[in-house]
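Chemist: The numbering used here puts the first residue of the sequence shown at 989, with every later residue one more than the last. Just so it is clear, CB atoms sit at the ideal spot from N, CA and C, and this is done for glycine as well.
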Amino acid sequence: MPGQQITLSNVDLRSLFALDNLSGIDPLSYSKALPDGVYSFCFQAYDWFTKNNLSQKACAIAFFNQYEPPFLTLPQNGERIPALSPYDNGAAAMIFQWQPRQIAPNTRYVFTLKELWDLERDPISGFLAAPPFWQEEVFSPTLFYGLDKAQLIPGKRYAWQVQAKSGNPVYSASPTEDNGTYKNNGLSEIFYFDYTENCKTPSLLTAQNAGRGKVKIQWMLNGASAGDYNVQYRKRGTTGEWITAKSYQSPYFITGLEDLTEYEYRVGSVCGNLQNFNSDAYAYSAIQYFTTDSKDKSNENFQCGIMPAIDISNKTIYQGALGVNDVIIAGDFPVTITQANGIGNYSGEGYIIVPYLGDTKLKVSFNNIQINTDKKLIAGTIETTYDPSEKAVIERSDLTDAIAQIFNDLGGIVTDVYKDIKGGVEATIIVDNFIKTFLENIDDIPNILEEDKQKLKEGISSPEFREKLVQVVKEKREDIAKNGITEEEFKDVFKTSFTEATNNVSVDIDEKSSVSKTEIAIGFDSDNMLQSLIVTLKIRTIGFIYHQLEG
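Written out as structure tokens, the structure is:
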């Protein structure tokens, strides 16, 4: 009836979307979900008898997308879990954890655990062929597997998977399917673990701040500290992947941490004799926590010439590979690896952070060095990249003197600026004349690379420079009118402001650059003609620093 509101459910519309009633689509495409994107649903009224169109189209916009299934985080794939004692004060609960990437409305998770009988078979195919050992539906991305569930058998291998399902009701939906809300039917990847007996985990874990962004981790295993360990850490409260570092002895130093941040960590040791398809499997300790110090707690009073206490008594050569972001210790400097090759003898590149240079990163290189199992340098030399010709270095005093000399030579143009301001000449004309004259004389500055001079010219010629300088001229016009500044006073202010700006030279080391570069930034203040002319030299070839880290 006209004017009557009608609600159409999926049952009412189902026949319209049957394959027989659609054109331009093949059965294979019909069986798949609609591609992600924006869709329009339009309705139009027709006369039942005459089939005449009675209205315009009324459309509604809807965005369709399928959600990503969760990814599994704990326990890790191939991990070995020590058999838990049911009498250990409630510690017999094993934790399974996964990370939702996207969450659909009313999402629930179906956790499935299966026992794998054939240890020679790939865990994924074994999981697909095995019956469920335990299955449970939960609404949070964590499951505590305790005494109330089917007990795991020591010495057995298990695999698990999580399926995300949306709780939105769909007509005639299969209870085992997600109806297209999640990709891959909401199924995560499959992880497996070995449930081992007589497998000791590291104990007596301690964490101690050892400087800004650096923490010392210690542990024991059966009364000894040597062995094959994985140290894992991540920010507390996250369920993302662990950052893993290999160590062969306690203690281990974690570097590159954020200030005043709480982290969780654990230490794993190689355990069990069951076959692992990837590499050594580890049994991990319980998760512990530490909080890093702030920057203010670090020692800012550095003393040169005092040798640090360095212990490299461990002469056992490390035989593993070094990867990107691995950290080795050279002297008392942590060296972060950016590229390395070799086993036992390593060559490559990295960088160090120098705290007494404002945490500047310096690029380093090394060739045929050796490190011990503590990842400390014991043989060879690590050098900062260095250009003996010091092409990228310019003495600040030379630059200051050169610019001051230009202003002495340009006394006439400064006088013209003063007269033009008092004479009411338009500020833009004054600025254009000054910039033109200065640029004509900038080539007289000695000891600057031609490419750096070009950058300086570009900075002074930039529209931003001109616009701000025009504003300064306008403000000085008012100052002269109100306070009666003389020509000599104006010259001194103009020259001093510009010359003193060269004292704001700063150094920024870019460990990735291969040639020296110069960037120009101009800053102004209403009280000074030019508050700052900052020349930032980005230098790869460090001319003013040459430091060797020797084993």
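How about PHE1059 and ARG1089: do their beta carbons lie closer than 8 Å?
Modeler: One-based indexing of the sequence shown puts residue 1059 at position 71. One-based indexing of the sequence shown puts residue 1089 at position 101. Yes, Cβ-Cβ distance for PHE1059 and ARG1089 is below 8 Å.
Chemist: Does the structure place the region 1459 to 1473 close enough to the region 1406 to 1418 that three or more beta carbon pairs sit under 8 Å?
Modeler: With the cut-off at 8 Å, the region 1406 to 1418 and the region 1459 to 1473 touch.
Chemist: Decide if LYS1464 is buried, meaning its Cβ has at least 16 other Cβ atoms within 10 Å, or exposed.
Modeler: Counting from 1 along the sequence shown, the entry for residue 1464 is found at position 476. LYS1464 should be labelled buried.
Chemist: Report the CB separation of CYS1047 from SER1017 in whole angstroms; it is logged as a contact under 8 Å.
Modeler: Looking up residue 1047 in the sequence shown gives position 59. Looking up residue 1017 in the sequence shown gives position 29. At roughly 23 Å, the Cβ-Cβ gap does not stay under 8 Å, so CYS1047 and SER1017 are not in contact.
Chemist: Would you kindly work out how many angstroms separate the C-alpha atoms of PRO1129 and ASN1172, rounded to a whole number?
Modeler: By 1-based counting over the sequence shown, the position of residue 1129 is 141. By 1-based counting over the sequence shown, the position of residue 1172 is 184. Rounded to the nearest angstrom, the two C-alpha atoms are 18 Å apart.
Chemist: Just to confirm the assignment, what range does the alpha helix (DSSP H) spanning ARG1096 have?
Modeler: Numbered from 1 along the sequence shown, position 108 holds the residue referred to as residue 1096. Unbroken run through ARG1096 is the beta strand (DSSP E), 1095 to 1104; no alpha helix (DSSP H).
Chemist: Three Cβ pairs or more, each shorter than 8 Å: is that satisfied between the region 1064 to 1071 and the region 1271 to 1285?
Modeler: With the cut-off at 8 Å, the region 1064 to 1071 and the region 1271 to 1285 touch.
Chemist: Identify the continuous alpha helix (DSSP H) that holds VAL1458 and give its terminal residues.
Modeler: For the purposes of this step, residue 1458 is taken as the residue at position 470 of the sequence shown. Its alpha helix (DSSP H) spans residues 1451 to 1471.
Chemist: Which partner residues of VAL1150 appear in the DSSP bridge assignment?
Modeler: Locating residue 1150 in the sequence shown gives position 162, where the first residue counts as 1. DSSP output for VAL1150 lists PHE1099 as bridge partner(s).
Chemist: Using C-beta distances below 8 Å, list every residue in its chain close to ASP1216, excluding the 5 sequence neighbours before and after it, in chain order.
Modeler: Reading the sequence shown from its first residue, position 228 is the one you call residue 1216. Within the same chain, ASP1216 has close Cβ partners LYS1234, TYR1236, SER1257, VAL1258, ASP1268.
Chemist: For a test of the three-state rule: what should DSSP assign to ILE1418, helix, strand or coil?
Modeler: The count along the sequence shown starts at 1 and reaches residue 1418 at position 430. Helix at ILE1418.
Chemist: Check for me: the alpha helix (DSSP H) holding SER1003 runs from which residue to which?
Modeler: Here residue 1003 corresponds to residue number 15 of the sequence shown, with the count starting at 1. No alpha helix (DSSP H) contains SER1003, which DSSP labels as neither H nor E.
Chemist: Is it buried or exposed, CYS1030, if we count other Cβ atoms within 10 angstroms and call 16 or more buried?
Modeler: By one-based count along the sequence shown, residue 1030 stands at place 42. It is exposed - the Cβ of CYS1030 has fewer than 16 other Cβ atoms within 10 Å.
Chemist: Just curious, the alpha helix (DSSP H) that PRO1111 is in, first and last residue?
Modeler: Counted from its first residue, the sequence shown places residue 1111 at position 123. Unbroken alpha helix (DSSP H) run through PRO1111: 1111 to 1117.
Chemist: From what residue to what residue does the alpha helix (DSSP H) around TYR1018 run?
Modeler: Numbered from its first residue, the sequence shown carries residue 1018 at position 30. From DSSP, the alpha helix (DSSP H) with TYR1018 extends over 1015 to 1018.
Chemist: Report yes or no: do the region 1007 to 1023 and the region 1132 to 1142 share at least 3 C-beta pairs separated by less than 8 Å?
Modeler: With the cut-off at 8 Å, the region 1007 to 1023 and the region 1132 to 1142 do not touch.
Chemist: Let me make sure I understand the geometry here. Which of GLY1174, PRO1063, GLN992, ILE1417 has the alpha-carbon closest to that of ILE1083?
Modeler: If you number the sequence shown from 1, residue 1083 lands on position 95. Of the listed residues, the one whose Cα sits closest to ILE1083 is PRO1063.
Chemist: Along the chain, which unbroken stretches of the alpha helix (DSSP H) at least 4 residues long are found entirely within the region 1025 to 1071?
Modeler: Qualifying alpha helix (DSSP H) stretches: none in this window.
Chemist: Please list the terminal residues of the continuous beta strand (DSSP E) segment that includes ASP1182.
Modeler: As a first step, residue 1182 must be located in the sequence shown, where it is residue number 194. Its beta strand (DSSP E) spans residues 1179 to 1184.
Chemist: Consult DSSP for ILE1366 and reduce its assignment to one of helix, strand or coil.
Modeler: Here residue 1366 refers to the residue found at position 378 of the sequence shown. Correct three-state label for ILE1366: strand.
Chemist: As an exercise, report each continuous beta strand (DSSP E) stretch of at least 3 residues that is fully enclosed by the region 1226 to 1259, in chain order.
Modeler: Counting only runs of 3 or more, we get 1231 to 1237, 1240 to 1242, 1250 to 1258.
Chemist: Under a three-way DSSP split, which group does GLU1371 fall into?
Modeler: Residue mapping note: residue 1371 aligns to position 383 of the sequence shown, counting from 1. Residue state, collapsed to three classes: strand.
Chemist: Just curious, the beta strand (DSSP E) that THR1279 is in, first and last residue?
Modeler: As a position in the sequence shown, residue 1279 is number 291, starting the count at 1. Unbroken beta strand (DSSP E) run through THR1279: 1276 to 1279.
Chemist: Using beta-carbon positions only, say whether LYS1188 and THR1243 come within less than 8 Å of one another.
Modeler: Along the sequence shown, one-based indexing puts residue 1188 at 200. Along the sequence shown, one-based indexing puts residue 1243 at 255. Taking 8 Å as the Cβ cut-off, LYS1188 and THR1243 do not qualify as a contacting pair.
Chemist: Within the continuous beta strand (DSSP E) that includes GLU1125, where are the two ends?
Modeler: Reading the sequence shown from its first residue, position 137 is the one you call residue 1125. Where GLU1125 is concerned, the enclosing beta strand (DSSP E) stretches over 1120 to 1126.
Chemist: From the DSSP output, read off the bridge partner residues of GLY1336.
Modeler: Mapped onto the sequence shown, residue 1336 falls at position 348. GLY1336 is bridged to ALA1328, PHE1354.
Chemist: To the nearest angstrom, how far is the alpha carbon of SER1301 from that of GLN1151?
Modeler: As a position in the sequence shown, residue 1301 is number 313, starting the count at 1. As a position in the sequence shown, residue 1151 is number 163, starting the count at 1. Using only the alpha carbons, I get a separation of about 52 Å.
Chemist: Helix, strand or coil for ASN1009? Go by DSSP, reduced to three states.
Modeler: Reading the sequence shown from its first residue, position 21 is the one you call residue 1009. ASN1009: helix per DSSP, three-state reduction.
Chemist: Within 10 Å of its beta-carbon, does PRO1116 have 16 or more other beta-carbons around it, so buried, or fewer, so exposed?
Modeler: The count along the sequence shown starts at 1 and reaches residue 1116 at position 128. The question names Pro, but residue 1116 is Leu in the sequence shown. Exposed, since its Cβ has fewer than 16 Cβ neighbours within 10 Å.
Chemist: When you compare only the Cα positions, how much space is there between ARG1145 and ASN1218?
Modeler: Against the sequence shown, residue 1145 aligns to sequence position 157. Against the sequence shown, residue 1218 aligns to sequence position 230. About 21 Å.
Chemist: Within the same chain, show all residues whose beta-carbon is closer than 7 Å to that of TYR1133, passing over the 5 residues directly before and after it, in chain order.
Modeler: Position 145 of the sequence shown, counted from the start, is the residue given in the question as residue 1133. Only ALA1081, MET1082, PHE1084 meet the Cβ criterion.
Chemist: Do VAL1461 and THR1430 have their beta-carbon atoms positioned less than 8 Å apart in this structure?
Modeler: Residue numbering aside, residue 1430 sits at position 442 when the sequence shown is read from its first letter. Residue numbering aside, residue 1461 sits at position 473 when the sequence shown is read from its first letter. Per the sequence shown, residue 1430 should be read as Ile rather than Thr. No; because the gap between Cβ atoms is not below 8 Å, this pair is not in contact.
Chemist: Looking at SER1154 and ASN1094, is the spacing between their C-beta atoms short of 8 Å?
Modeler: As a first step, residue 1094 must be located in the sequence shown, where it is residue number 106. As a first step, residue 1154 must be located in the sequence shown, where it is residue number 166. Yes.
Chemist: What is the DSSP secondary structure of ASN1197, reduced to helix, strand or coil?
Modeler: Within the sequence shown, residue 1197 is the residue found at index 209, counting from 1. Strand, per DSSP.
Chemist: Here's a check: name, in chain order, each residue in its chain whose Cβ is nearer than 6 Å to the Cβ of PHE1426, leaving out the five neighbours to either side.
Modeler: Counting from 1 along the sequence shown, the entry for residue 1426 is found at position 438. Taken in chain order, the list of residues that qualify is empty.
Chemist: Using beta-carbon positions only, say whether ASN1041 and GLN1032 come within less than 8 Å of one another.
Modeler: Your numbering for residue 1041 matches position 53 in the sequence shown. Your numbering for residue 1032 matches position 44 in the sequence shown. Yes, Cβ-Cβ distance for ASN1041 and GLN1032 is below 8 Å.
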